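Student: Going by the working numbering, the sequence shown opens with residue 16, and the numbers climb by one from there.
Sharing a structure here in structure tokens format.
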Amino acid sequence: MNIGILGGGLSGIATAYFLQKNDRINSIEILERESEPGGLCRSFNLNGLSYDIGPHIIFSKDNEILDLMINILGENKNKLKRSNKIYYKKSFIKYPFENELSALPEDDKKYCLNTFLHNPYENIDADNLLKFFLKTFGEGITNTYLKPYNEKIWKFDLSFMDTQMVDRIPKPPREDIINSAAGIPTEGYLHQLYFYYPRKGGIKSLIKAFTNQFDDRVSVIPNSHVIDLRRIHNKWKIKTDQGCLREYDLIISTIPVQSLAEIYQTDMPKEIIESVNDLKYNSIIIAIINVRKDNLGDNFAVMVPDKKVIFHRISKLDFLGESYRKEDGSTTLMAEITYSKGSPIDKMSSKEVERKIIEGLEDVQFIDHREQINFIETRRFEYAYVLCDLNHRSNMNLIRNYFAGQGIRLCGRFGEFEYLNMDAVIRHAKDLSEEIGKNLPC
Ligand SMILES: Cc1cc2nc3c(=O)[nH]c(=O)nc-3n(C[C@H](O)[C@H](O)[C@H](O)COP(=O)(O)OP(=O)(O)OC[C@H]3O[C@@H](n4cnc5c(N)ncnc54)[C@H](O)[C@@H]3O)c2cc1C
16 MNIGILGGGL
26 SGIATAYFLQ
36 KNDRINSIEI
46 LERESEPGGL
56 CRSFNLNGLS
66 YDIGPHIIFS
76 KDNEILDLMI
86 NILGENKNKL
96 KRSNKIYYKK
106 SFIKYPFENE
116 LSALPEDDKK
126 YCLNTFLHNP
136 YENIDADNLL
146 KFFLKTFGEG
156 ITNTYLKPYN
166 EKIWKFDLSF
176 MDTQMVDRIP
186 KPPREDIINS
196 AAGIPTEGYL
206 HQLYFYYPRK
216 GGIKSLIKAF
226 TNQFDDRVSV
236 IPNSHVIDLR
246 RIHNKWKIKT
256 DQGCLREYDL
266 IISTIPVQSL
276 AEIYQTDMPK
286 EIIESVNDLK
296 YNSIIIAIIN
306 VRKDNLGDNF
316 AVMVPDKKVI
326 FHRISKLDFL
336 GESYRKEDGS
346 TTLMAEITYS
356 KGSPIDKMSS
366 KEVERKIIEG
376 LEDVQFIDHR
386 EQINFIETRR
396 FEYAYVLCDL
406 NHRSNMNLIR
416 NYFAGQGIRL
426 CGRFGEFEYL
436 NMDAVIRHAK
446 DLSEEIGKNL
456 PC
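Take a look at the structure:
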């Protein structure tokens, strides 16, 4: 059995890692468009600093997968305690927002507390994201933070978004919110309170740790942009943009389903084409900004719900450990900006984006003035966030069943087109590999 995996991001790499445990598999080839594997888990280097596509922290409720991620890194990891804030009306409020209501101006605090304790939305059917926030947190917390911040990330009307990303968030206990307003410290989202991060090299080290475990049946073939996939006499034939032809018994696709639909040479039913075209996603711009001095203290990530500011989150990379700090005493920030295709941000040049970021940093006073910036660099990534609108679930059920019927297995964040973090991607890769293993001919 020879297996071809389309895409060498974490899901492609992890799928190969698990599949190689099966002796009946002769070869596994991972075809990756870029010059190196990793996808969204790549890290880049600028003036000696490693940085990710938005800092990729390692955490999970899935203990088996968390153990795998931290064990595979060996000594190359730091365990860190979250120190995240929300910047609201010139104050830093501890994250999650509802856990430090006492830090809000008096009127905002009362609004959040009273509308949580006496919530007319408590019993509504939360069939979209906005209703979920209103029902779970009340009007004050929703309007003050959750709504503006989420609109800023998603660039989409929350009442047209599905609740699948949040439906496991429990309603905070009344006592926690009362304590939070009274200034008694509480912690939320405990599964991310402590997290891991590679001691050096950025999240790319996780990819390297997996590929180091590959045996000689597994190969990653970089610079292999797959442009044509077809099935001929029970074999899968693929062609890359370099004209390279390859043949496999089984195909696993981790590339965006939109790309898969484009390269798959077949008469695809109209309803599948329409469903694929209806899928929505956001792209991201990340900017790395090295400054002589910042005003973020020892915080790591700071969320900025204010829509006048272009970025939604600033992270201070120095927090991640010694190898992410420069010796000259300067600090390094990362700004994240999401956008959708054809939107005004999409049309901005890199220079314009940089100018807006710098204006934003000055506006919220994270830096005193622009002369403090040593260097800034931006990068864009098309597929960053799956947007779960109200059609997403039905669209993806149709698409998944269609490709399963064709014998193409989907895996990964954009392969399955689901909101999956690294831990979920690895879990799905493991489950898929085991299922494939069980069904292999003896
Ligand atoms: C800003 C941001 C921050 C994040 N932070 C975290 C975090 O803190 N913690 C966490 O757990 N997760 C985080 N994630 C999620 C994490 O990045 C993803 O879950 C994971 O990287 C997805 O891996 P993947 O392999 O499924 O997809 P991808 O990484 O997108 O991989 C797909 C691969 O397919 C390749 N490809 C595409 N088309 C073709 C083609 N035609 N031929 C060949 N190759 C092709 C691409 O080049 C890419 O390498 C974050 C994501 C983003 C965007």
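Just so it is clear, CB atoms sit at the ideal spot from N, CA and C, and this is done for glycine as well.
This structure is a prediction, so every number in the text was calculated from the model and none was measured.
Under 7 Å from any heavy atom of ligand 1, does the C-beta of residue 398 make it?
Tutor: It does: the Cβ of residue 398 is within 7 Å (strictly closer) of some heavy atom of ligand 1.
Student: Report the three-state DSSP secondary structure of residue 92 (helix, strand or coil).
Tutor: Note: residue 92 maps to coil in three-state DSSP.
Student: If I'm right that residue 429 touches residue 401 with Cβ under 8 Å, what's the distance once you round it to whole angstroms?
Tutor: Between residue 401 and residue 429 the Cβ distance is about 7 Å, and since that is below 8 Å, they are a contact.
Student: Whole angstroms are fine: how far does the CA of residue 164 sit from the CA of residue 129?
Tutor: The alpha-carbon atoms of residue 129 and residue 164 are separated by roughly 21 Å.
Student: Tell me whether residue 436 counts as near ligand 1, meaning its Cβ is closer than 7 Å to at least one heavy atom of that ligand.
Tutor: The answer is yes for residue 436.
Student: Suppose you measure from the CA of residue 150 to the CA of residue 447; what does that come to, to the nearest Å?
Tutor: If I take the Cα positions, the gap works out to 36 Å.
Student: Return yes when the C-beta of residue 48 is under 7 Å from any heavy atom of ligand 2, and no when it is not.
Tutor: Of the ligands one can find in the structure shown, namely ligand 1, none is ligand 2.
Student: Count the C-beta pairs between the region 433–453 and the region 321–329 that are closer than 8 Å, then say yes if the count reaches three, no if not.
Tutor: Touching, no.
Student: Compute the minimum distance between the beta carbon of residue 239 and the heavy atoms of ligand 1, and state whether it is under 7 Å.
Tutor: Residue 239 Cβ: within cutoff of ligand 1.
Student: Taking DSSP as the reference, what is the three-state secondary structure of residue 18?
Tutor: Three-state result, residue 18: strand.
Student: Check whether the Cβ of residue 351 lies closer than 7 Å to any heavy atom of ligand 1, and answer yes or no.
Tutor: Yes - ligand 1 has a heavy atom lying nearer than 7 Å to the Cβ of residue 351.
Student: Any heavy atom of ligand 1 closer than 7 Å to the CB of residue 428?
Tutor: Yes.
Student: Please confirm whether residue 98 and residue 334 have their CB atoms less than 8 Å apart.
Tutor: Yes, Cβ-Cβ distance for residue 98 and residue 334 is below 8 Å.
Student: Just grab the DSSP bridge partners of residue 247 for me.
Tutor: BP columns for residue 247 point to 250.
Student: Which residue from 296, 395 and 105 puts its Cα closest to that of residue 362?
Tutor: Measuring from the Cα of residue 362, the nearest candidate turns out to be 395.
Student: Could you check which residue in 267, 433 and 407 has the C-alpha nearest to that of residue 290?
Tutor: Here the closest residue by C-alpha is 407.
Student: Quick check on this structure: which residue in 38, 340, 182 and 431 has the alpha carbon closest to the alpha carbon of residue 313?
Tutor: For residue 313, the nearest C-alpha among the options comes from 340.
Student: Alpha carbon to alpha carbon, how far is residue 421 from residue 56?
Tutor: C-alpha separation (whole angstroms): 29 Å.
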